[in-house]
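Colleague: Take the sequence shown: its letters are residues 2 to 873, numbered as in our numbering.
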Amino acid sequence: MPVGLAIFNTTGQLDYFNQTAQQIIGKQEINKLTATSWTEICRICVGNDEQPCSQENNLILQALQGKITHYDYVKFYRSGQPIALEVWGVPVFSQPNNTTTSALLVFQDITRRKQAEAEQAATVDESLQVSKQLEYYLLALEQEVAEQTSVLQEREQTLRAILDATTDTILMMELDGTIVTINPTGISRLNANPYNVVGSCFYDYLTMDIAEKRRAVVDKVVRIKQPLVLEDERNNRWFEINFFPVLNPANFVERIVIFARDITGRKQAEEALRLSQFSLDHSADGIQWIRPDGLHLYVNDSFCNLVSYSRDELLSMRITDVDCQPSIIPWSEQWQEHKRKGSFTFETEYRRREGTIFPVEITTSYLAFKGKEYLFTSVRNITERKEAERALAIANQAKSLFLTNMSHELRTPLNGILGFAQILQMADNLTAEQREGVGVIRQSGEHLLTLIGDILDLAKIEAGKLELILSDFRFQEFIRTIIDLFRLRAKQKGITFVYKELNSERETTELWEKLPLAVKTDEKRLRQILLNLLSNAVKFTERGSVTLMVGCQKEQLYFMIEDTGIGIALNELETIFQPFQQVGHKSRKVEGTGLGLSITRKLVETMGGQLQVESHLNRGSVFKLILPIQHSSNVSSVPVKTHKVTGYRKSGESKMLTLEEAPISILIVDDSRENRMVLVSMLKRLGFNLLEAADGQEALDKVYLHHPQVVLMDLMMPKMNGFDCTRQIRQQAELQDTIVIVLSASVFARDRQDSLEAGCHDFLPKPVDRNQLLQKLAVHCQLEWIYEPTTLIESNSETATAIVCIQGPPPRPAQDLLELAKLGDVQALVERSQELAEHCPELQPFNQEIHLLAKDFKMRQLQKFIEQFIKE
């Protein structure tokens with residue numbers, strides 16, 4: 002007999018029906034069929050009683066509640082006419098969460114059978130008709146039984162397919178535990194024999210204690226006639242077990258259906274969720290979940306303690322209620338900014354309930370979850386960190402003050418040493434040996450100045466304030482001064498100093514270029530790097546040699562410093578670049594601050610270079626330095642030709658000023674007698690009228706009395722410092738043209754800036770370089786220097802502080818001057834040279850030489866002199 006199938010969703014609406022269902026129920030009625038209408042159009046028949054259908058005996062609603070229900074006789078009224086049906090209600094469960102997803106209604110039309118039964122009952126007394134029709138009814142009954150059997154088989158096959166496909170255990174048993182049916186998953190989990198599991202006792206597959214617990218559950222289900230659910234853990238696997246009662250028409254439990262599902266994954270997810278929630282609740286940092294309207298969705302205990310509010314209070318407050326630095330930007334725009342950035346960290350201040358304010362660091366992340374948007378923020382109290390930063394700032398300020406004072410105290414005596422060394426180098430009566438000794442004094446003093454600079458540089462590097470000053474200089478002369486200095490040091494220590502120029506003839510494995518005559522880079526920092534590396538090499542070499550190799554490739558300078566010293570252990574190769582670290586045996590007496598290599602590496606990195614080291618203990622080390630440079634044509638590449646400065650004149654005039662012709666008056670202000678002596682010795686031979694003052698107050702008095710054109714001002718002095726003195730000078734209208742040049746032992750940019758803001762024209766660090774001082778005077782006083790008219794002297798050492806180097810113009814202007822010299826147009830030549838010098842004060846020595854040669858009409862020498870600047 003065909004079976005009608007209908008599937009209802011959880012709302013009681015019909016989702017599916019087969020053709021047989023439509024034929025039985027009717028085409029119009031089937032489309033209107035719902036769980037609710039089923040109650041209205043059906044009657045339950047038990048024996049001779051006919052009961053109305055209610056929620057308690059509605060098969061669809063019972064199935065949606067997870068119960069399997071069967072009625073063998075239900076009257077269904079189609080268009081007011083009853084149809085006899087046999088009906089089953091079966092729940093359908095979902096795999097992930099074991100919830101009922103739909104109800105399966107299985108029914109067949111037994112109207113004919115019931116009519117037959119009714120007719121048989123009506124004619125029971127009519128024995129004759131019964132006997133005649135008995136055979137007919139028997140045949141009809143046989144057919145009906147066959148049809149019912151077919152339907153039952155079809156139903157059984159459908160249910161069996163469902164049972165076999167599910168990964169849940171499905172088992173039906175008698176009340177005594179006898180298994181009636183079980184699916185393959187259940188057989189596997191019970192570890193039972195599939196051939197004889199049906200008919201065996203369910204409890205026999207369980208341990209004794211578990212069997213007793215399961216019997217107790219079954220007894221309760223029988224007693225309350227309601228399903229029960231329990232969770233059970235076995236061998237690290239979690240199961241959810243449902244016990245469903247199967248009720249007979251008399252409302253007695255006659256069987257038990259067991260559904261068991263593996264929920265290990267869900268349990269693990271729940272555990273992870275609990276751990277996540279626990280970590281949020283107990284995090285040391287404050288946690289906020291914020292909604293788009295700014296209200297708190299969640300806060301943890303730490304955040305509550307942080308701002309001294311309860312959780313209930315905070316959940317009714319907005320983020321702006323605790324942030325005491327509210328933005329002028331509307332919250333809706335701030336939200337979009339958070340959404341755009343995704344995740345970022347910033348600092349602000351929060352306010353506690355009692356009104357106290359404290360700094361916080363906030364890491365915020367924009368999150369979208371199930372169609373809703375949130376901000377997740379982690380809030381950290383950074384009061385202690387801020388206090389530590391303030392303490393560190395105070396310590397750094399104290400360190401800077403110490404370094405400033407140390408620099409001042411050390412540079413003051415060095416000013417005397419280096420100043421008089423420069424003055425001695427100008428003497429005409431020195432022998433070659435004496436001149437060399439003076440050069441060594443000066444170079445050694447400058448080396449000591451470099452060591453002082455190391456400590457100051459460390460402070461600048463730590464503060465991120467180290468700047469590079471690029472300049473054009475003669476590279477080969479620069480290297481020669483390095484070589485001269487370390488040849489002497491090596492000789493004094495009894496070791497050999499070797500210099501090699503890397504070129505293609507010597508080093509066939511590399512294509513080395515010729516060393517550039519002039520380069521553009523930070524000359525001071527390059528010298529500092531080489532001095533540190535070579536000083537270490539000499540320091541740690543007792544026997545053998547120190548070798549300096551220099552090469553050039555593709556606008557990069559290569560330096561290799563190789564020594565045969567004590568070497569460095571492999572595990573100390575990185576330690577040597579840390580501040581205040583020195584390697585080697587502790588009993589070894591080693592000079593130095595331990596800063597050299599640390600500063601050297603940072604300088605190299607700042608200059609865009611690389612510093613590498615290879616070393617073998619007790620065999621020596623090799624330091625490899627690679628630095629990017631620019632080739633320069635702005636410096637004369639010929640051997641340095643020098644003139645001694647003998648006097649000065651006003652720019653554009655031809656004769657030197659004398660004392661009787663109103664010479665420039667210079668007031669030297671310094672509390673150190675030695676420093677004043679150095680400046681007096683530098684300047685007195687040039688024809689200046691010199692005055693002295695030992696402090697700011699004395700300087701102010703002499704400025705009012707003598708009105709000097711120039712004041713060379715020290716900064717740190719008793720009674721009145723240089724800043725205050727300069728400010729008072731600037732307050733006098735008649736002293737507005739007085740030129741104030743600071744000469745200070747302080748090398749901090751702050752003092753330089755403060756002096757300029759106080760009204761000073763320029764700033765020079767101590768020890769004073771005579772060449773730089775003369776250049777500043779020439780610029781600010783509009784002077785030209787008068788040079789000794791002698792043959793140019795070739796120099797192989799750096800003596801420019803006592804003798805001024807001639808710097809020539811670029812090749813193009815030099816070519817123009819050469820053409821004028823060839824034409825014999827002396828007047829045009831002198832005028833053009835004068836124009837170049839006015840635009841570039843560094844060309845004044847060049848201009849002076851042009852004037853001297855043009856005055857005597859030495860045209861051939863003029864041409865040769867100019868040509869040397871074109872050949873560069």
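Every residue gets a Cβ at the ideal spot worked out from N, C-alpha and C, and that includes glycine.
M718: buried (16+ other C-beta within 10 angstroms of its C-beta) or exposed?
Modeller: One-based indexing of the sequence shown puts residue 718 at position 717. M718 should be labelled buried.
Colleague: Please report the distance separating the alpha-carbon of A251 from that of D302.
Modeller: Mapped onto the sequence shown, residue 251 falls at position 250. Mapped onto the sequence shown, residue 302 falls at position 301. Approximately 57 Å between the Cα atoms of the pair.
Colleague: Could you pull the start and end residues of the alpha helix (DSSP H) that N533 belongs to?
Modeller: The count along the sequence shown starts at 1 and reaches residue 533 at position 532. Here the alpha helix (DSSP H) through N533 covers 524-540.
Colleague: Would you kindly work out how many angstroms separate the C-alpha atoms of S756 and P768, rounded to a whole number?
Modeller: Translated into positions along the sequence shown, residue 756 becomes position 755. Translated into positions along the sequence shown, residue 768 becomes position 767. Cα-Cα distance, rounded: 18 Å.
Colleague: Of all the options L863, F347, T349, R341, which has the alpha carbon lying nearest to the alpha carbon of L368?
Modeller: If you number the sequence shown from 1, residue 368 lands on position 367. It is R341.
Colleague: Is it the case that the CB of L598 approaches a heavy atom of the ligand GTP more closely than 8 Å?
Modeller: With respect to the ligand GTP, the structure shown offers nothing to examine, as it has no ligands at all.
Colleague: Evaluate contact between the region 37-49 and the region 138-156, counting only Cβ atoms and requiring at least three cross-stretch pairs below 8 Å.
Modeller: no
Colleague: Using the beta-carbon count (16 or more within 10 Å), is N430 buried or exposed?
Modeller: In the sequence shown, counting from the first residue as 1, residue 430 sits at position 429. Flag for N430 reads exposed.
Colleague: For P414 versus E693, is the C-beta spacing smaller than 9 Å?
Modeller: On the sequence shown, position 413 is the one that residue 414 refers to. On the sequence shown, position 692 is the one that residue 693 refers to. Cβ atoms of P414 and E693: not closer than 9 Å.
Colleague: Give the secondary structure of N397 by DSSP, where H, G and I count as helix, E and B as strand, and everything else as coil.
Modeller: Residue numbering aside, residue 397 sits at position 396 when the sequence shown is read from its first letter. Looking at N397 - three-state DSSP - the assignment turns out to be helix.
Colleague: Since E350 is in the beta strand (DSSP E), which residue starts that stretch and which ends it?
Modeller: Working through the sequence shown from its first residue, we reach residue 350 at position 349. Note, E350: beta strand (DSSP E), 344-352.
Colleague: Could you compute how far the alpha carbon of K823 sits from the alpha carbon of M860?
Modeller: Taking the sequence shown and counting its residues from 1, one reaches residue 823 at position 822. Taking the sequence shown and counting its residues from 1, one reaches residue 860 at position 859. Straight-line Cα distance between these residues: approximately 8 Å.
Colleague: Would you mind reading off the limits of the alpha helix (DSSP H) that contains R544?
Modeller: Numbered from 1 along the sequence shown, position 543 holds the residue referred to as residue 544. Run containing R544: none; DSSP gives neither H nor E here.
Colleague: When we look at the beta-carbon of N243 and count the other beta-carbons within 10 Å, is it buried (16 or more) or exposed?
Modeller: In the sequence shown, residue 243 corresponds to position 242, counting from 1. It counts as buried.
Colleague: Exposed or buried, what is K865 when buried is set at 16 or more other beta-carbons lying within 10 Å of its beta-carbon?
Modeller: Counting from 1 along the sequence shown, the entry for residue 865 is found at position 864. So K865 ends up on the exposed side.
Colleague: Leaving aside the five residues before and after V441 along the sequence, list all residues of the same chain whose C-beta is less than 7 Å from its C-beta, in chain order.
Modeller: Along the sequence shown, read from residue 1 onward, the residue named residue 441 stands at position 440. Excluding positions up to five away in sequence, the list reads L489.
Colleague: With a threshold of 16 other CB atoms inside 10 Å of the CB of E735, please say whether the residue is buried or exposed.
Modeller: Taking the sequence shown and counting its residues from 1, the one referred to as residue 735 is at position 734. Around the C-beta of E735, fewer than 16 other C-beta atoms lie within 10 Å, and the residue is accordingly described as exposed.
Colleague: Alpha carbon to alpha carbon, what distance is there between L618 and I569?
Modeller: Residue mapping note: residue 569 aligns to position 568 of the sequence shown, counting from 1. Residue mapping note: residue 618 aligns to position 617 of the sequence shown, counting from 1. Rounded to whole angstroms, I569 to L618 spans 5 Å at the Cα level.
Colleague: Classify S666 as helix, strand or coil using the three-state DSSP reduction.
Modeller: Here the question's residue 666 lines up with position 665 in the sequence shown. Reduced to three states, the DSSP call for S666 is strand.
Colleague: Could you pull the DSSP bridge partners for T35 from this structure?
Modeller: Along the sequence shown, read from residue 1 onward, the residue named residue 35 stands at position 34. Beta-bridge pairing links T35 to Q14.
Colleague: Assuming I180 and F203 form a contact by the criterion Cβ under 8 Å, report the distance between their Cβ atoms to the nearest whole angstrom.
Modeller: Indexing the sequence shown from 1 puts residue 180 at position 179. Indexing the sequence shown from 1 puts residue 203 at position 202. Between F203 and I180 the Cβ distance is about 5 Å, and since that is below 8 Å, they are a contact.
Colleague: Please confirm if the region 150-159 is in contact with the region 65-78, defined as three or more CB-CB distances below 8 Å between the two stretches.
Modeller: no
Colleague: Report the residue from M561, D752, Q398, V679 whose alpha carbon sits nearest the alpha carbon of K625.
Modeller: The sequence position of residue 625 within the sequence shown is 624, counting from 1. Nearest option by C-alpha distance: M561.
Colleague: What does the alpha-carbon distance come out to for the pair L818 and L518?
Modeller: Indexing the sequence shown from 1 puts residue 818 at position 817. Indexing the sequence shown from 1 puts residue 518 at position 517. Distance between the alpha carbons of L818 and L518: 23 Å.
Colleague: I'd like to know whether the C-beta atoms of Y649 and I787 end up nearer to each other than 9 Å.
Modeller: Translated into the one-based positions of the sequence shown, residue 649 becomes position 648. Translated into the one-based positions of the sequence shown, residue 787 becomes position 786. Against a cut-off of 9 Å, the Cβ pair of I787 and Y649 comes out as a contact.
Colleague: How big is the Cα-Cα spacing for L229 and G67?
Modeller: Here the question's residue 229 lines up with position 228 in the sequence shown. Here the question's residue 67 lines up with position 66 in the sequence shown. Approximately 11 Å, taken between the alpha carbons.
Colleague: So, does the region 268-278 touch the region 181-193, judging by three or more C-beta pairs under 8 Å?
Modeller: no
Colleague: Look at D1 and S622 and say whether their C-beta atoms are less than 9 Å apart.
Modeller: In the structure as shown, the chain begins at 2 and stops at 873. Residue 1 is therefore absent and cannot be evaluated.
Colleague: Given N10, which residues of its chain have a CB within under 7 Å of its CB, disregarding the five upstream and five downstream residues?
Modeller: As a first step, residue 10 must be located in the sequence shown, where it is residue number 9. Short of 7 Å from the beta carbon of N10, and not among the five residues preceding or following it, lie these beta carbons of its own chain, in chain order: D16, S103.
Colleague: Whose CA, out of S616, P629, K777, lies closest to the CA of M608?
Modeller: In the sequence shown, counting from the first residue as 1, residue 608 sits at position 607. For the residues S616, P629, K777, the minimum Cα distance to M608 belongs to P629.
Colleague: Quick check on this structure: which residue in A166, H339, L684, P766 has the alpha carbon closest to the alpha carbon of I424?
Modeller: Taking the first residue of the sequence shown as position 1, residue 424 is located at position 423. Ranking A166, H339, L684, P766 by Cα distance to I424 puts L684 first.
Colleague: Can you tell me the Cβ-Cβ gap for G809 and F870, rounded? I've got them flagged as a contact below 8 Å.
Modeller: As a first step, residue 809 must be located in the sequence shown, where it is residue number 808. As a first step, residue 870 must be located in the sequence shown, where it is residue number 869. About 3 Å separates the two Cβ atoms, so the contact holds.
Colleague: Nearest to R216 by alpha carbon, out of E241, N249, G178?
Modeller: Numbered from 1 along the sequence shown, position 215 holds the residue referred to as residue 216. The shortest Cα separation from R216 among E241, N249, G178 belongs to G178.
Colleague: If I'm right that Q477 touches L516 with Cβ under 8 Å, what's the distance once you round it to whole angstroms?
Modeller: On the sequence shown, position 476 is the one that residue 477 refers to. On the sequence shown, position 515 is the one that residue 516 refers to. Contact holds; Cβ gap of about 6 Å.
Colleague: Run through DSSP, which three-state label would N237 get?
Modeller: Reading the sequence shown from its first residue, position 236 is the one you call residue 237. In this structure, N237 counts as coil in the three-state DSSP scheme.
Colleague: Which word fits N416, buried or exposed, when buried means at least 16 other C-beta atoms lie within 10 angstroms of its C-beta?
Modeller: Translated into the one-based positions of the sequence shown, residue 416 becomes position 415. So N416 ends up on the buried side.
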